Structures are given as C-alpha cells and as structure tokens.
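Counting along the sequence shown from 1, when you hit position 144 you're at 144 in my numbering, and nothing is skipped either side.
Note that the Cβ used here is the ideal one computed from N, Cα and C, for glycine as well.
For clarity, every value in this text was computed on a predicted model and none was experimentally measured.
Contents: one structure, followed by commentary.
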Amino acid sequence: MPVHHASRTLPWSCEQLFDLAADVERYPEYLPGWVSAEVVDRSENRLQVRQQLGLPGLQCPFVSVAELQRPRSVLVRSQDGPFRHLRIEWRFEAHRSGRCRVSLTMEYRLRNPLLEGVAATLFSRSATNVMERFAARAAAICKSPSAT
1 MPVHHASRTL PWSCEQLFDL AADVERYPEY LPGWVSAEVV DRSENRLQVR
51 QQLGLPGLQC PFVSVAELQR PRSVLVRSQD GPFRHLRIEW RFEAHRSGRC
101 RVSLTMEYRL RNPLLEGVAA TLFSRSATNV MERFAARAAA ICKSPSAT
C-alpha cells in the first residue's frame, strides 16, 4: 500500500496547528486536489465529512470519519467512494521552544486498479504539497508566534 509522509517544525503552538488541521471544511480553500468538504455529523472528538477530491476530468466523492485528539492528532479514515482504504494522519508534537513538529502521513488503496497509476502521480508529491500549503495557511491565519 502506498504511504507518503512529510513533516515540518512550525513556529506556532500545537493547539493552533491542530485547529487548522481539524477545520476540514476549509481544505478546499488551500489544499491541492480538494474540491469540497462538508461536515455532515459532528461530536466532541469525531467528524463525519462528505468530501470530494478531483483532477481535471476526474471527481472522486467520498465520506470519511475524522477522529480528533486535541492537540495531538487528527486521524481521517475512509473506505468509501474510490477508496478501498484511505488514512490521513496529522500528528503534533510540542517543543520547549513553543514551536510544533507537524507530521503528515497519507496512505491509500483504490478500488479500481486502473486508477492506481493516476493516484500514484497525484499522491507521490501530495504529502509534501499539502504540508507546504498547510504551513502557508498557518502563516496567513494563525496569530504571530510571539502573540501566542
């Protein structure tokens, strides 16, 4: 099963970065490939999300469940739509400096083997791209590190 990983130390608190990762309805605003995301059911530590990933000419709707453990992790899983298995995990580790080490792991298996090649191209750089966009989004919307 393909697994992609990226990590980065960012100058914000783990709480701020967790909140950014847990705000899945905003993913289409800044993450590559996300067309839509809507929370259809919400509890304190769990979200059910209707989402759609897409490339030109290829749209992939699916439903996922996100387990939230503030401020340590966001774990997204799905076996819906095109995915036989999808797992996206954000992990947040605090440093004494007040910075936060963010790790992202993405793994998937598709139902249609013919789409595996397309997915390999999409996912091969996606963890790095998602992390870069996530860091840019944090810089745009999080309070300055000195204000935390």
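Neighbour-count burial assignment, residue i, 16 or more Cβ in a 10 Å radius
i      : result
LEU104 : buried
SER64  : buried
LEU17  : buried
ARG137 : buried
SER78  : buried
VAL76  : buried
PRO113 : exposed
ALA21  : buried
ALA140 : exposed
SER13  : buried
VAL49  : buried
MET131 : buried
6 Å CB neighbourhood of residue i in its chain, flanking five on each side removed
i      : result
ARG133 : TYR30, LEU31
ALA147 : Low confidence applies to ALA147: its pLDDT is 49, below 50, so where it sits in the model is not reliable, and the reading given next is rough at best. Taken in chain order, the list of residues that qualify is empty.
GLU89  : LEU75, THR105
ASN45  : LEU68
ARG87  : ARG77, GLU107
SER97  : none
Where the beta strand (DSSP E) containing residue i begins and where it ends
i      : result
LEU114 : Segment: none, LEU114 is in no beta strand (DSSP E) and carries neither H nor E.
Cutoff 7 Å; reference residue i; Cβ partners in own chain excluding five residues on either side
i     : result
LEU53 : GLY33, TRP34, VAL35, CYS60
ARG84 : ARG109, LEU110, ARG111
Residue i - containing alpha helix (DSSP H), residue span
i      : result
ARG87  : Careful: ARG87 lies outside any alpha helix (DSSP H), inside the beta strand (DSSP E) at 83-94.
MET131 : 126-141
Which residues DSSP lists as bridging residue i, in chain order
i      : result
SER7   : SER103
SER144 : Partner(s): none; SER144 has no beta bridge.
SER78  : LEU86
Min CB distance residue i to chain B below 8 Å
i     : result
LEU86 : No chain B appears in the structure shown, which is made up of a single protein chain.
Residues near residue i in its chain [Cβ-Cβ closer than 8 Å; skip 5 each side]
i      : result
ALA127 : HIS4, HIS5, ALA6, LEU104, THR105, MET106
Would you list, in sequence order, the uninterrupted beta strand (DSSP E) runs of no fewer than 3 residues that lie entirely inside the segment 10-73? 34-43, 46-55, 58-69
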